[in-house]
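Counted the way the numbering used here counts, the sequence shown spans residues 152 to 591.
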Amino acid sequence: MPHNSDLARQQPVAPVAGASLNDWLSYLEAIHPVEIDLGLDRVLTVFRRLFRRPPKARVVTVAGTNGKGSAVTCLAGLLRQAGRSVGTYTSPHLHRYNERVMINGTPASDERLVCAFEAVEAARGATSLTYFEFGTLAAFQVLAEAGVEDWVLEVGLGGRLDAVNVVDPELAIITSVDIDHVAFLSDDREVIGFEKAGILRQGKPAIYADIDPPSSVLQQVSAQRIPLLRLGVDYSLADQDGRTVLSLPSAKGLAGAELVIPEMTLPLNSVAAAVVAALMLEPGIGLDTVTAALRNITLPGRFERLASEPDVVVDVGHNPHAARWLARQVVLRCRSGGKIRAIYGALSDKDIEGVVREMKGAVDEWYLVGLDCPRGLSSEELGRRCAEPLSGAVQSSYPSVESAIKQVRVDADTRDLVIVFGSFFTVADARLALGAENAS
């Protein structure tokens, strides 16, 4: 009989032919000892076995603390409008794993993903991969098999050591640099900036989509001779008579034109970066075409309105930087005389106190909820974490997002705005409770 320690070291058995996507996802969760294991050596080894030569597609990589998914979605939509075939890779998902890999705006099928997982499993041999690393390589396999012309890829964590970074981009976008994932990226903005600048490539263009980039990013730009376009320096956003106007850079043949961005619920910095990127990559696309395309771009879970009277809005924002943006949005969009009611659920490893401090001035009443998921806090645990920053605030606790939504509909006036936020899990639960899970 094998010793118990030998059993503990035994690797799980790969799914057999005909296994389901869920079988494969369960396997991915079991094959590596830790969830996050930053570093490229293992991923590169398997990537080179999968791809004997670099993928033929044009690649855009997007990193940043917040706004990555919005930039990816906007850019993909604009490139498709220009006639390109586009694949995207984002994470995490709201309801189904398939959402992570899109081919021309449609989630990859179970069959495509299973075939890709089988290919990665065959290529990796004895090389251990995390859930995210395995999924990233499988996404590349799906996009390559689909033969799309453009890959728009979202970094999972950081940049320099993230699995996505094994592919060399033609264009890099950094949406923002702020504090998040402290256990892996530090609590120093300069250190975080250095990690995110790891997606830059020698001499290849890049876009920085926020004001005041860290010096560490600019140092990498200079060292690698990156043609950089910066918000507030090379292009700008301004409010003119209630309209958001994007002044485009004169570089790259954009001729200093101006574009009115239609009303959107996505972060404007990310939208603007996507527009600039699309015009750089496809200079023949007309500005009217860009405006028309933007009107049709939405992203589930990003200031998404799911009900009215009262308005119920969901947002995946989960760090202080995102909460700062969210606080401005709810104040801006709440009806005159209405209250702002926040349903908040969070994961244990997030800066809950920082998030609450950013939102506290905007919120009239808090509904703290428990999350039944890995790292999810119960409402009691969340209440303890929020005790100091919410001292004196009107608040109540509920075991689930669904129970809080039921109560807030009793409490709220038709003029109120209800914001449900704090994590992808919080938003997923809200979308399920409100019957919106099939809208993603």
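A virtual CB, placed ideally from N, CA and C, is assigned to each residue, including glycine.
Rounded Cβ spacing between residue i and residue j (contact assumed at less than 8 Å)
i           : j           : result
residue 572 : residue 477 : 6 Å
residue 232 : residue 440 : 6 Å
residue 357 : residue 322 : 7 Å
residue 454 : residue 462 : Wrong, their Cβ atoms sit about 11 Å apart, outside the cutoff.
residue 134 : residue 364 : In the structure as shown, the chain starts at 152 and stops at 591, and residue 134 therefore has no counterpart that could be examined.
residue 471 : residue 437 : Actually they are not in contact, since the Cβ atoms of residue 471 and residue 437 sit about 39 Å apart, beyond 8 Å.
residue 410 : residue 397 : 5 Å
residue 516 : residue 486 : About 16 Å; that fails the 8 Å criterion.
Identity of the residue in the options nearest residue i by Cα
i           : options            : result
residue 229 : 443, 267, 391, 216 : 443
residue 521 : 508, 503, 495      : 495
residue 509 : 524, 531, 482, 532 : 482
residue 421 : 327, 267, 501, 469 : 327
residue 500 : 469, 514, 480, 518 : 469
residue 237 : 282, 587, 207      : 207
residue 314 : 303, 532, 224, 284 : 284
residue 167 : 214, 392, 270      : 270
residue 274 : 258, 203, 263, 261 : 203
residue 180 : 220, 164, 488      : 164
residue 370 : 361, 528, 348      : 348
residue 535 : 437, 497, 492      : 497
residue 552 : 544, 582, 563, 566 : 582
residue 258 : 222, 297, 505      : 297
residue 452 : 547, 243, 196      : 243
residue 278 : 374, 191, 329      : 191
residue 309 : 579, 412, 189, 261 : 189
residue 342 : 198, 216, 523, 475 : 216
residue 212 : 175, 291, 460, 488 : 291
residue 305 : 299, 253, 340, 267 : 253
residue 218 : 360, 492, 513      : 360
residue 354 : 362, 374, 175, 446 : 374
residue 512 : 502, 528, 487, 540 : 540
residue 381 : 390, 395, 401, 198 : 401
residue 329 : 475, 567, 487      : 475
residue 193 : 554, 383, 316      : 316
residue 425 : 225, 503, 178, 479 : 225
residue 435 : 234, 182, 198      : 234
residue 352 : 368, 325, 320, 518 : 320
residue 429 : 200, 176, 183, 222 : 222
residue 199 : 239, 586, 288      : 288
residue 286 : 562, 240, 245      : 240
Under the three-state DSSP convention, the category residue i falls into
i           : result
residue 294 : helix
residue 264 : helix
residue 310 : coil
residue 258 : strand
residue 318 : coil
residue 572 : strand
residue 349 : helix
residue 560 : helix
residue 300 : coil
residue 208 : coil
residue 170 : coil
residue 245 : coil
residue 325 : strand
residue 234 : coil
residue 500 : coil
residue 213 : strand
residue 441 : helix
residue 305 : strand
residue 475 : helix
residue 551 : coil
residue 358 : strand
residue 333 : With a pLDDT of only 47 at residue 333, under 50, the local geometry of the prediction cannot be trusted, and the value read off the model is given with reservation. Residue state, collapsed to three classes: helix.
residue 421 : helix
residue 162 : coil
residue 577 : helix
residue 534 : helix
residue 456 : strand
residue 252 : strand
residue 375 : coil
residue 588 : helix
Test: residue i CB closer than 9 Å to a CB of chain C
i           : result
residue 581 : In summary, chain C is missing from the structure at hand, where a single protein chain is found.
Bridge-paired residues (DSSP) for residue i
i           : result
residue 410 : 397
residue 415 : Partner(s): none; residue 415 has no beta bridge.
residue 582 : According to DSSP, which records beta bridges pairwise, residue 582 is partnered with nothing at all.
residue 494 : 518, 571
residue 509 : For residue 509, which the question treats as bridged, DSSP gives no partner whatsoever.
residue 387 : 398
residue 462 : 568
residue 527 : 498
residue 381 : 359
residue 239 : 253, 303
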